[in-house]
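There are 2 protein chains.
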Amino acid sequence: MQLNYYQREDQVLLAVDCIIFGFDKKNLKVLLIKRNFEPEKGKWSLIGGFLKKNENLDEAAARVLETLTGLNDIYLEQLHTYSKIDRDPGQRTISVAYYALINVDSHQFDGIQIDSAKWFKLKEAPDLIFDHNEMVEKAMARLRRKAMTKPIGFELLPEKFTMRQLQNLYESILGKKLDKRNFINKINSLDVLIKLDEKDMTVSKKGAYLYVFDKDKYEKKVEEEGFSFKL
Amino acid sequence: MQLNYYQREDQVLLAVDCIIFGFDKKNLKVLLIKRNFEPEKGKWSLIGGFLKKNENLDEAAARVLETLTGLNDIYLEQLHTYSKIDRDPGQRTISVAYYALINVDSHQFDGIQIDSAKWFKLKEAPDLIFDHNEMVEKAMARLRRKAMTKPIGFELLPEKFTMRQLQNLYESILGKKLDKRNFINKINSLDVLIKLDEKDMTVSKKGAYLYVFDKDKYEKKVEEEGFSFKL
Chain A
1 MQLNYYQRED QVLLAVDCII FGFDKKNLKV LLIKRNFEPE KGKWSLIGGF
51 LKKNENLDEA AARVLETLTG LNDIYLEQLH TYSKIDRDPG QRTISVAYYA
101 LINVDSHQFD GIQIDSAKWF KLKEAPDLIF DHNEMVEKAM ARLRRKAMTK
151 PIGFELLPEK FTMRQLQNLY ESILGKKLDK RNFINKINSL DVLIKLDEKD
201 MTVSKKGAYL YVFDKDKYEK KVEEEGFSFK L
Chain Z
1 MQLNYYQRED QVLLAVDCII FGFDKKNLKV LLIKRNFEPE KGKWSLIGGF
51 LKKNENLDEA AARVLETLTG LNDIYLEQLH TYSKIDRDPG QRTISVAYYA
101 LINVDSHQFD GIQIDSAKWF KLKEAPDLIF DHNEMVEKAM ARLRRKAMTK
151 PIGFELLPEK FTMRQLQNLY ESILGKKLDK RNFINKINSL DVLIKLDEKD
201 MTVSKKGAYL YVFDKDKYEK KVEEEGFSFK L
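The listed protein sequences derive, respectively, from chains A and Z.
The first sequence begins at 1 in the UniProt record's numbering and counts up one residue at a time.
The second sequence begins at 1 in the UniProt record's numbering and counts up one residue at a time.
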């Protein structure tokens, strides 16, 4: 049965916009696209698309991400819905922002599928269209909070990583230098990494041991005693 | 300029639904409304409304709340946007859920303005239409998290409250009994309450001292040293 107490003109366009974070072992990056249509043609933008009739918002965000990256198994989380009346000068559009974490080192990742897209170091990211700067800021705040309470950072790391890379990641997310010895002690006390018998020889003559995240152990610990990554 | 790469049929109805929490000094409650139209006529529902052309989502949620409560200065926070294709069997509707915290003891509050609305203890709340149960659960999870890190609970308390009422509130939010002595010690160590020279004589012969929340002190503490309500 159709309801009749609303009018067709109450309808709005609903978009998703994705804040895509990646990590290149040194810096946290965000994936942006150069806009090739008006308004704001030529400016940098988040990657977005409109919600279709046959999908929910999570599916719309996953579709947009797959188009851009070829990946269909990305960490994706709804962030916030933006609705300022004039946020898009073209036509009133409400946008649901999602943030995604990509392991750019994954063998499934062939790189970006769209020429006008580019990774930027967060610190060097250009000004974005509409309210997209605000979206990125909110995503960073969420990432900071999540990274303290969940092992979310491992979504951004290669499967095998050095302690230095893990520290680089947390420093990028938290936006501050961490003391190396304290960091290593803290991570070791969490007891969720497996140290491999294998070194990354590209970082120094001596090399640096590689680690993997022990997801099973982590989940068991959470169940038994709770868990916090607070550094 | 109008964009033309989308179609009018991509448009959707956008609603807001509000999870309204109140606290009667003993129990955490949620405000529900009996639905008087199809589909699901006669069932209990969150309070909602459609987004209008001339307002953003925050304004829409505030408008819905004011219609129901007469209050226009309510703590209100966007929660999550729900978009399952068939969530509303009437017509595809996307809903942005907000949660609100009401001080039901405030002198500005004249009670509910709509006859079909009613407060329910959370534990005794009926089954709700659509995905509204899911919304209430998510709001509770958010409230639990927030109550541990921000003094958000004071939005629900009367201006002057007893230590027992504060403990009741935290027990309601966290869904577990707290040890009285530990609770009082923890709250005292936070040092953000002012003990008044005034007692609530309705609770016992001896009465119980009343407290107020010292917002200025709290804000100063947050600025200087951060803050956590972890109990």
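Glycine included, every Cβ here is placed at the ideal spot set by N, Cα and C.
| query | result |
| --- | --- |
| Contact set between residue 191 (chain Z) and chain A, taken where Cβ atoms lie within less than 7 angstroms | Correct list: empty, because the minimum Cβ distance to chain A is about 22 angstroms. |
| Rounded straight-line distance, which links the Cα of residue 104 (chain Z) to that of residue 17 (chain Z) | 20 angstroms |
| Buried or exposed (CB count within 10 angstroms, at least 16 for buried), residue 203 (chain Z) | exposed |
| Chain Z contacts from the segment 104-117 of chain A (Cβ-Cβ distance under 8 angstroms) | none |
| Chain A residues whose Cβ lies nearer than 8 angstroms to that of residue 81 (chain Z) | 57, 78, 81 and 96 |
| Candidates Z:135, Z:194 and Z:43: closest to residue 233 (chain Z) by CA position | Here chain Z comprises residues numbered 1 to 231, so residue 233 (chain Z) is not present and cannot be evaluated. |
| Residue 229 (chain A) versus A:149, A:69, A:15 and A:115, residue with shortest Cα-Cα distance | A:149 |
| Those runs of the beta strand (DSSP E) which lie wholly inside the UniProt domain "Nudix hydrolase" (13-143) of chain Z and span at least 3 residues | 13-23, 28-34, 47-50, 75-82, 93-102 and 117-121 |
| Spatially closest choice to residue 145 (chain Z) from Z:201, Z:109 and Z:174, by CA coordinates | Z:174 |
| Cβ neighbour criterion (16 or more within 10 Å) applied to residue 161 (chain Z) | buried |
| Per-residue DSSP class, three states only, for residue 200 (chain Z) | strand |
| Beta-carbon proximity of residue 211 (chain A) to residue 190 (chain A), cut-off 7 angstroms | no |
| Cβ contact check for the segment 60-71 of chain A and the segment 82-93 of chain A: 3 or more pairs under 8 angstroms | no |
| Residue 208 (chain A) - partner residues in DSSP beta bridges | A:200 |
| Residue 10 (chain A) at chain Z interface by Cβ criterion, 7 angstroms | yes |
| Cβ-Cβ distance between residue 131 (chain Z) and residue 87 (chain Z) below 7 angstroms | yes |
| Rounded Cβ spacing between residue 157 (chain Z) and residue 169 (chain Z) (contact assumed at less than 8 angstroms) | 6 angstroms |
| Chain-ordered neighbours of residue 54 (chain Z) on chain A, where CB pairs are closer than 8 angstroms | 85 |
| Residue-level contact to chain A via CB, residue 50 (chain Z), 7 angstroms cutoff | yes |
| Any chain Z beta carbon closer than 7 angstroms to residue 210 (chain A) | no |
| Cutoff 7 angstroms: residue 13 (chain Z) Cβ touching any chain A Cβ | yes |
| Cut-off 7 angstroms between Cβ atoms - residues of its own chain near residue 213 (chain Z), not counting five sequence neighbours on either side | 151, 154, 192 and 193 |
| Endpoints, alpha helix (DSSP H) assigned at residue 222 (chain Z) | 215-225 |
| Backbone secondary structure at residue 229 (chain Z) - three-state DSSP | coil |
| Local Cβ density within 10 Å of residue 114 (chain A), reported as buried at 16 or more and exposed below that | exposed |
| Distance between residue 201 (chain A) and residue 123 (chain A) (C-alpha atoms, nearest Å) | 29 angstroms |
| Counted within 10 angstroms of its Cβ, other Cβ atoms place residue 21 (chain A) as buried (16 or more) or exposed | buried |
| 8 angstroms contact criterion, which residue 65 (chain A) and residue 100 (chain A) should meet: CB distance rounded | 6 angstroms |
| Cβ shell of residue 26 (chain Z) (< 6 angstroms), same chain only, five flanking positions each side left out | 168 |
| Residue 136 (chain A) versus residue 181 (chain Z) - alpha carbon distance | 44 angstroms |
| Own chain residues within Cβ distance below 8 angstroms of residue 196 (chain Z), not counting five before or after | 160, 209, 210, 211 and 212 |
| Proximity of residue 129 (chain A) and residue 40 (chain A) at Cβ, strictly below 7 angstroms | yes |
| Cross-strand partners of residue 166 (chain A) (DSSP beta bridge) | The partner list for residue 166 (chain A) (beta bridge, DSSP) is empty, contrary to what the question assumes. |
| Own chain, CB closer than 6 angstroms to residue 198 (chain Z), minus 5 neighbours either side, in chain order | 210 |
| Cβ-Cβ separation, residue 49 (chain Z) to residue 63 (chain Z) (assumed contact under 8 angstroms), whole Å | 7 angstroms |
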